[in-house]
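**Q** With the working numbering applied, the sequence shown corresponds to residues -12 to 283, in that order. From the three backbone atoms N, C-alpha and C, an ideal C-beta is built for every residue, glycine too.
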Amino acid sequence: MRELVILGTASQVPTRTRNQNGYLLRWDGQGLLFDPGEGTQRQMTYAGVSSTRITRICLTHVHGDHCLGLPGVLSRMVLDGVEHPVHVHYPASGAEVVRALVSLAPPGLDLRLHPHAGAGDIAPGFEVRPLRHRVETYGYRLVEPDGRTLLPDRLAAAGITGPDAGRMQRQGSLRGIALAEVSVRRPGQRFALVMDTAPCPGADELADGADLLVAECTFADDDAALAARFLHLTAGQAGRLAAVGGVRTVVLTHFSSRYADVSALAAQARSRAGGASVLTANDLDRIPFPKRRTGI
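See the structure below:
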């Protein structure tokens, strides 16, 4: 299963209807928790998300609304008897803050800390790019390798049946017939998360070709001066990010508490999003991955 569970959608200040940040990506057998702000453990209970599902915790930066829920989440994982390794990824400059937060949780987890200090791969198919904020900040991107989808009619015409179809896919050819002759390309799916940032090359690289992009949308276009001052995206800039990247679905989040109604922000993003579908996140939403792209 691949889906995004929204645990919180507010920026610095939570509201009556929006908790601080928190995003759980269910990606096959992995559970990736991004930016657990204050109250994330409680939001997980409301969302019906078990702590035992979490395999990685990823911090974009160490501002409080993106990390102060970490001790509670780790404590819950200890209480729930999580035995598998739990990997924590974060900017290297925030190591002291992360160590302090981790120290507040009781021992008992196989916790593995992974600071990063530049763009690159942090695990197979999992990469980071630097963003432009007031402290060292990174966005995250998951890329599934491309594959092949077998075509039954072409297999039948080639006389390939039963277990031979699996052999064909594993070996790349069978009895002089190439895999490409009986299949079409299956593009791998891509996920990206872009939190606190002004427009920058790193954000564009993360969004490129994403099937699902989670993008901060802190300010309305009318408040562009505030966005520039605090190094955040406006709604229109989030829409442009999706359009330039050829994104299929962009999920807007990290809203300033000044906007009780975010429909105007959604409209501003849609006006610049090109062909991307634009969603505004609400706490406890579950957003399925878009269906796979098809291509030769």
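Which residue's Cα is closest to the Cα of F230: R280, W14, A92 and L193?
**A** Sequence inspection shows Ala at residue 230; the Phe mentioned does not correspond to that position. The residue with the shortest Cα to Cα distance from A230 is L193.
**Q** From which residue to which residue does the beta strand (DSSP E) around S264 run?
**A** Counting along the chain, the beta strand (DSSP E) containing S264 begins and ends at S264 to T267.
**Q** Assign Q28 to one of two classes, buried (16 or more other C-beta atoms within 10 Å of its C-beta) or exposed (fewer than that).
**A** Counting Cβ neighbours within 10 Å, Q28 comes out buried, since at least 16 surround it.
**Q** Quick one, which of L91, V130, R121 and Q(-1) has its alpha-carbon nearest I109's?
**A** It is V130 whose Cα lies nearest to the Cα of I109.
**Q** Does DSSP put D108 in a helix, in a strand, or in coil?
**A** Looking at D108 - three-state DSSP - the assignment turns out to be strand.
**Q** Tell me the DSSP secondary structure of Q7 in three-state form.
**A** DSSP places Q7 in strand when its eight states are reduced to three.
**Q** Spatial neighbours of C187 within its chain, please: C-beta separation below 7 Å, excluding the five flanking residues on both sides.
**A** For C187, where only same-chain residues beyond five positions count, the Cβ hits under 7 Å are L118 and R119.
**Q** State the Cα-Cα distance for the pair A263 and V122, rounded to the nearest angstrom.
**A** Looking at the two C-alpha atoms, the distance is approximately 30 Å.
**Q** Where does G24 land, buried or exposed, given buried means 16+ other C-beta within 10 angstroms?
**A** So G24 counts as buried.
**Q** State the CB to CB distance for the pair Q176 and F21, rounded to an integer number of angstroms; the pair is presumed to be in contact (CB under 8 Å).
**A** Going by Cβ atoms, the distance from Q176 to F21 rounds to 17 Å, so no, they are not a contact pair.
**Q** To the nearest whole angstrom, what separates the beta carbons of S38 and D67, a pair I think is in contact under 8 Å?
**A** That pair is a contact at about 5 Å.
**Q** Put Q156 into one of helix, strand or coil per three-state DSSP.
**A** It is helical.
**Q** State the Cα-Cα distance for the pair D195 and A225, rounded to the nearest angstrom.
**A** Cα-Cα distance, rounded: 13 Å.
**Q** Do the segment 134 to 143 and the segment 95 to 115 touch if we need at least three Cβ pairs shorter than 8 Å?
**A** These segments do not touch.
**Q** With three or more beta-carbon pairs closer than 8 Å as the criterion, would you say the segment 93 to 104 touches the segment 69 to 83?
**A** Verdict: yes, contact present.
**Q** Measuring only from the beta carbon, is F21 closer than 8 Å to any heavy atom that is part of the ligand ADP?
**A** Ligands are entirely absent from the displayed structure, and the ligand ADP is therefore not among its contents.
**Q** For the alpha helix (DSSP H) that F217 lies in, which residues bound it at each end?
**A** F217 -> alpha helix (DSSP H) spans A211 to F217.
**Q** Starting from the C-beta of A190, find all residues in its chain whose C-beta is less than 7 Å away, skip the five residues before and the five after it, and write them out in chain order.
**A** The answer, listed in chain order, is L118, G126, V181, T184 and L228.
**Q** Would you say L271 and Q30 are within 9 Å of each other, going by their C-beta atoms?
**A** Going by C-beta atoms, L271 is nearer than 9 Å to Q30.
**Q** Taking Cβ positions, are G223 and R172 nearer each other than 9 Å?
**A** Going by C-beta atoms, G223 is not nearer than 9 Å to R172.
**Q** Which value, in whole angstroms, describes the spacing of the CA atoms of L(-9) and V201?
**A** Cα-Cα distance, rounded: 9 Å.
**Q** To which residues does DSSP link L129 through a beta bridge?
**A** Paired residues: F113 and F178.
**Q** Would you tell me roughly how many angstroms separate the C-alpha atoms of D97 and P72, rounded to the nearest one?
**A** Their Cα atoms are separated by approximately 5 Å.
**Q** In chain order, what residues of the same chain have a beta carbon less than 7 Å from the beta carbon of M291, not counting five sequence neighbours either side?
**A** With the chain covering only -12 through 283, there is no way to say anything about residue 291.
**Q** What number of angstroms, rounded off, separates the C-alpha of V49 from the C-alpha of P58?
**A** Each residue's alpha carbon lies about 13 Å from the other.
**Q** Is the beta carbon of V234 closer than 9 Å to that of A256?
**A** Contact flag unset, no.
**Q** For the candidate residues V0, Y10 and R(-11), whose alpha-carbon lies nearest to that of A268?
**A** When only C-alpha atoms are compared, the closest one is Y10.
**Q** Alpha carbons only, please: which of L12, H219 and D15 is nearest the one belonging to T124?
**A** Answer by Cα proximity: H219.
**Q** Determine the direct distance from the alpha carbon of A253 to that of A(-3), and round the result to whole angstroms.
**A** Looking at the two C-alpha atoms, the distance is approximately 15 Å.
**Q** Just to confirm the assignment, what range does the beta strand (DSSP E) spanning E(-10) have?
**A** E(-10) -> beta strand (DSSP E) spans R(-11) to G(-5).
**Q** On the CB-based measure, 16 or more other CB atoms within 10 Å of its CB, does A92 come out buried or exposed?
**A** Buried, by the Cβ-count rule.
**Q** For L284, which residues does DSSP report across the bridge?
**A** Because the chain here runs from -12 to 283, residue 284 falls outside it and cannot be looked at.
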